[in-house]
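Following UniProt numbering, the numbering of the sequence shown begins with 1 at its first residue and continues without gaps.
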Amino acid sequence: MNLVAPIGRGQRGLIVSPPKAGKTLLLKSIANSITENYSDTHLMIALIGERPEEVTDMKRSVKAEVISSTFDEPTEAHTRVAEMVLERAKRLVEGGRDVVILLDSITRLSRAYNLAVQPVVVPLRWSRSKCLDPAQAFLWRSP
């Protein structure tokens, strides 16, 4: 991993791949490497919109603080978990600890934030509709 994409303190990274390509397995590997090589670092894993089986598997296979919101919970729970993880990390950093946050999935988190906001009327030039409702945008599928 260090040869391909070294990870340093203060760095942000993003894993982009198609579904079922092994992103969660890679996150587990990164988490285990961090706990093995940097035992003084506090590791937090935020799982947003995952299946309960994946949450249980992550809790059992990684020595880290796993905070989750499963797919069957409301969108407010997803945003609340993400904000709680960030606030806890801030408090730990203020206390002098090094903190690593691994987030899975940023796509589901962004959808949750979009669905949590009130609909805004936006004129659309390319459509007959006069407004865009984020809650409806994710429910509609093209044929």
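Yeah, the Cβ is synthetic: ideal placement off N, Cα and C, and Gly gets one too.
- Comparing alpha-carbon positions, the option among His42, Lys63, Ala77 and Leu27 lying closest to Gly49 turns out to be Ala77.
- The residue from Lys63, Arg51, Ser105 and Ser17 with its alpha-carbon nearest to that of Ser29 is Lys63.
- Assigned with DSSP and collapsed to three states, Asp40 falls in coil, not helix or strand.
- Considering only Leu47, Asn37, Ser17 and Val16, the residue with the shortest C-alpha distance to Leu103 is Leu47.
- When the alpha-carbon of Ile15 is set against those of Phe71, Ser105 and Ala89, the nearest one is in Ser105.
- For Glu65, the enclosing beta strand (DSSP E) stretches over residues Glu65 to Thr70.
- Membership of Leu115 in the alpha helix (DSSP H) is indicated by the continuous run Ile106 to Ala116.
- Of all alpha-carbon atoms in Val55, Ser39, Ala116 and Asn37, the one lying nearest the alpha-carbon of Thr75 is that of Ala116.
- With contacts defined by Cβ atoms closer than 8 Å, Met44 and Ala89 form a contacting pair.
- Counting of Cβ neighbours within 10 angstroms places Leu86 among the exposed residues, the total staying below 16.
- In the DSSP assignment, Arg51 falls outside any alpha helix (DSSP H), carrying neither H nor E.
- Assigned with DSSP and collapsed to three states, Leu25 falls in helix.
- Contact check for Ile34 against Val100 passes: the beta carbons are separated by less than 8 Å.
- Under the 10 Å beta carbon count, Met84 is surrounded by fewer than 16 other beta carbons and is classified as exposed.
- Residue environment: Ser17 is assigned as exposed (fewer than 16 neighbouring CB atoms within 10 Å of its CB, all protein chains considered).
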